[in-house]
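A.B. asks: Residues in the sequence shown are numbered consecutively from 27, following the working numbering.
Think of the CB as a built atom: it goes at the ideal place given N, C-alpha and C, for glycine as much as any other residue.
The structure that follows is given in the form of structure tokens.
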Amino acid sequence: MNKIKTYVITLSTTFPKSHVKAGRKTFFKEAITNGIDGDHEKYEYQHFKIHTVRHNYELWKKRIDEINAGKAILSIRQWTGKPYYSKQVEIRQLNKVGIQKLRNMDDNFAYGVNDEGNVLPIPLVLLSINDGLELPDFKEWFKGSKPTPDNPMAIIHFTDFKYFE
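Structure representation (structure tokens):
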């Protein structure tokens, strides 16, 4: 029997040192549960995280193709304390994941690429909300770390939601 690979996405429990909200809770675990299960009454802090934005689109595309082919799973985890220096706790495992290419961002829009290769705008406020962050927090999180046509980022979807086909 072939062993299934596990790919891991790890989320912070707090905002990073470089963020204006450094040390404050992100509530990403609760936001993912709200976003995937739609359990709007269960948590005190109500927001959603139905995707994550990650560097290295090509690597994530390959991994997600394996996940969707049944050769791997995605383990969504969070740090129990300081990132890279604390244990990880699994939030969820997924065996079906979506991906979209993010080509660049400005102050108002992110620009994704559809299946036909067309570049289409995504309102940045919508991208940030679906990523579990308010717009100013999203901009702060990604300052100095934006996608480019040569280095696109991946929007990794935890649900069937897509910005475009």
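1. Using CA atoms only, rank isn't needed, just tell me which of F184, I148, G61 and A136 is closest to S171.
2. Please identify the residue among A180, P147 and P178 whose C-alpha is closest to the C-alpha of F190.
3. Could you name the residues of the same chain whose beta carbon sits closer than 8 Å to that of Q114, not counting the 5 residues immediately before and after it, in chain order?
4. If you drop the 5 nearest sequence neighbours on each side, which residues of the same chain put their C-beta closer than 7 Å to that of M179?
5. Is DSSP giving A57 helix, strand or coil here?
6. Would you give the residue range spanned by the alpha helix (DSSP H) that L85 belongs to?
7. Quick check on DSSP: helix, strand or coil for S154?
8. Give every residue of the same chain whose Cβ lies closer than 7 Å to the Cβ of K31, excluding the five residues on either side of it in the sequence, and list them in chain order.
9. For Q119, is the classification buried or exposed, using 16 other Cβ atoms within 10 angstroms of its Cβ as the cut-off for buried?
10. If you run the structure through DSSP and keep just helix, strand and coil, what is K169?
11. Please look up how many angstroms separate the CB atoms of I90 and T185, rounded, as I've assumed it's under 8 Å.
12. So what does DSSP say about L161, is it helix, strand or coil?
13. Whose CA, out of Y111, G124 and S112, lies closest to the CA of L100?
C.D. replies: According to the structure shown:
1. A136
2. P147
3. V34, T36, R103, Q104, W105 and T106
4. Here the set comprises V79, R80, H81, Y83, L128 and P173.
5. Note: A57 maps to helix in three-state DSSP.
6. Run containing L85: Y83 to N94, per the alpha helix (DSSP H) assignment.
7. helix
8. When the five nearest sequence neighbours on each side are left out, the beta carbons in the same chain lying within less than 7 Å of the beta carbon of K31 are those of E92, K97 and A98, in order along the chain.
9. By the neighbour-count rule (16 or more Cβ atoms within 10 Å), Q119 is not buried but exposed.
10. coil
11. About 14 Å; that fails the 8 Å criterion.
12. helix
13. G124
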